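Here the structure is laid out as structure tokens; the discussion comes afterwards.
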Amino acid sequence: MKKMLSLAALLAAISYATPASAELKIGGDASLRMRNEFNAVDPGNNATDDVMWQSRVRLNASADLGDGYYFKTLIMSEGGAAGWLNTTGNENYALAASQVYFGRNMENCNYKFGRIPLNSFSNPIYDLTLYPAQPTDTPVNNLNFDRLYGASYGTKMGGGMLNTTLVVLDNSSTTAGTAAYDGMLNDGYALSVAYTTTWGNVTVEPQIFAVLTNANVTTLGNNVTPLTFGLNASGKVGDGKLSGAAFYTSAGDEADYSGYLLRVKGETGPYMAWVDLTSTTNDNAAGATVKDYTNTFVWAQYKYTAYKSAAGSLTLQPTLRYRASSTETAAGTEADTSVLRGEFSATVTF
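Numbering-wise, the sequence shown is residues -22 to -1, 1 to 328 according to mature numbering (1 follows the signal peptide of the UniProt record, and there is no 0).
Here it is, written out as structure tokens:
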């Protein structure tokens, strides 16, 4: 007994003598989802449907180092779109560090480095830049997992907040044998500049996202440097919130194209819905190559909170997503497709 008490006292003394380390805070969410998907293609009158049973786990870890310094990471599976994994059998659910970054928050400015989050779910400028032919249904959030490698800096300016972000889009400099791919500056770099301020009860965010060096980031061509600019805006309307976005993109390199995206979004209580309208024209198209892309997209959801406490919550959420797309080739051949997804998910947040 004396030996056990002595050992306990020794461990206590060592713990007090050990240098202090940052406390790691862990939270996240776990979800189960059933999704029905219906696809239709015209011409051809082809239609398919599928039911998918999916799961997703996301773990958020953060450490406060003091004096504004911090570290954050998001751990999730990247085996499926947005981290959702289809259940097909005894499959492996592999977790990995999707976002990893550190930085510092100060009174008038902040910065961070690493695989940083983009907030692309609520900001479609990235979707239009990287997926100009099909920028609807949040492709950057789903396929790029809402993060890119880079650095950002924000500072208070003129009553608002100016944010700049430099990111790496691709890595071409390791390709040997041709001068076109030799050197660090042949990687794809992009710069985002946004200014957020308020006009009365309305928050506005003019923004520009410019690809600075040749990058292979779109399906419309290689070695492109698209420039995208526009505006996000939001404000309260009664008990709800109304927001909108308008962005225009263009590229005049090997792929000569231009396009726009318009979004209107409404939120009130547990309800949220938005509509996207997009159109992109590929001026280099010839013959059977698609020249014009148009899309209409609708997202509608209802989030019911079944349980909530200081430790976490359980929510149930039906969601409806619908996309109607049309294409026309340079020769005048038209095609229409549509996708309807009905989802029901249960999520525990902790």
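All C-beta atoms in this analysis are idealised placements derived from N, C-alpha and C, irrespective of residue type, glycine included.
Small disclaimer: the values here were computed from a predicted structure and weren't measured.
To which residues of the same chain is residue i closer than 6 Å at the C-beta, ignoring the five residues directly before and after it?
i, result
"Gly247", "none"
"Ala278", "Ala251, Leu298"
"Gln325", "Strictly speaking, residue 325 in this sequence is Thr, with Gln absent from that position. Hits under 6 Å: Asp7, Ser9, Thr293."
"Phe16", "Asp27, Leu318"
"Lys3", "Ser40"
"Asn14", "Val29, Gly320"
"Leu147", "Gly166, Ala168, Ala193, Val195"
"Ala263", "Lys269, Ala308"
"Tyr47", "Arg82"
"Tyr271", "Ala111, Thr258, Thr305"
According to DSSP, simplified to helix, strand and coil, what is residue i?
i, result
"Val19", "strand"
"Gly61", "helix"
"Val195", "coil"
"Asn164", "helix"
"Asp270", "strand"
"Asn14", "strand"
"Leu96", "coil"
"Phe91", "strand"
"Asp234", "strand"
"Gly265", "coil"
"Phe49", "strand"
"Glu321", "strand"
"Gly328", "First, the amino acid is wrong: residue 328 is Phe here, not Gly. Here Phe328 sits in coil by DSSP."
"Asp7", "strand"
"Gln112", "coil"
"Ala251", "strand"
"residue 417", "Past the boundaries of the shown model lies residue 417; the chain is included only from -22 to 328, so the question cannot be answered."
Would you mind working out which of the options sits nearest residue i, comparing C-alpha positions?
i, options, result
"Ala302", "Ser9, Leu52, Val19, Phe328", "Val19"
"Gly92", "Val78, Gln295, Ile103", "Val78"
"Arg125", "Ala172, Ala75, Val189", "Ala75"
"Thr307", "Asn260, Leu220, Leu318, Gly199", "Asn260"
"Ser221", "Leu240, Gly5, Asp234, Gly230", "Leu240"
"Pro113", "Lys90, Asp254, Leu37, Gly265", "Asp254"
"Val327", "Ser316, Glu312, Tyr285, Thr315", "According to the sequence as given, residue 327 is Thr; it is not Val. Here the closest residue by C-alpha is Tyr285."
"Thr174", "Met139, Gly199, Pro204", "Met139"
"Gly61", "Phe49, Val118, Ile103", "Val118"
"Ile53", "Thr65, Asp42, Asn38", "Asn38"
So residue i is in the alpha helix (DSSP H); what residue range does that whole segment cover?
i, result
"Asp105", "103 to 108"
Excluding sequence positions up to five away, which residues of its chain have a Cβ less than 7 Å from the Cβ of residue i?
i, result
"Asn88", "Gly81, Arg82, Gly132"
"Asp115", "Phe275, Arg299, Arg301"
"Gly218", "Gly244, Glu245, Thr246"
"Pro21", "Ala313"
Kindly indicate if chain D contains any beta-carbon less than 8 Å away from that of residue i.
i, result
"Asn119", "The structure shown contains no chain D, having only a single protein chain."
Span of the beta strand (DSSP E) holding residue i?
i, result
"Leu147", "138 to 148"
"Val118", "Note, Val118: premise wrong, no beta strand (DSSP E); alpha helix (DSSP H) at 117 to 121."
"Thr297", "290 to 307"
"Val78", "74 to 83"
"Phe225", "218 to 230"
"Asn38", "24 to 44"
"Gly310", "No beta strand (DSSP E) holds Gly310; DSSP gives it neither H nor E."
"Glu183", "180 to 189"
"Thr203", "It is not in any beta strand (DSSP E) - Thr203 carries neither H nor E in the DSSP assignment."
"Tyr127", "125 to 135"
Enumerate in chain order the residues of its own chain whose CB-to-CB distance from residue i is below 8 Å, with the five nearest sequence positions on each side excluded.
i, result
"Ala59", "Asn120, Leu121"
"Glu56", "Ala74, Ser76, Phe123"
Please indicate yes or no: does the CB of residue i lie closer than 7 Å to some heavy atom of the ligand NAP?
i, result
"Asn262", "The ligand NAP is absent from the structure shown, which contains no ligands of any kind."
The stretch 80 to 100 in contact with the stretch 187 to 194 per 3-pair CB rule at 8 Å: no
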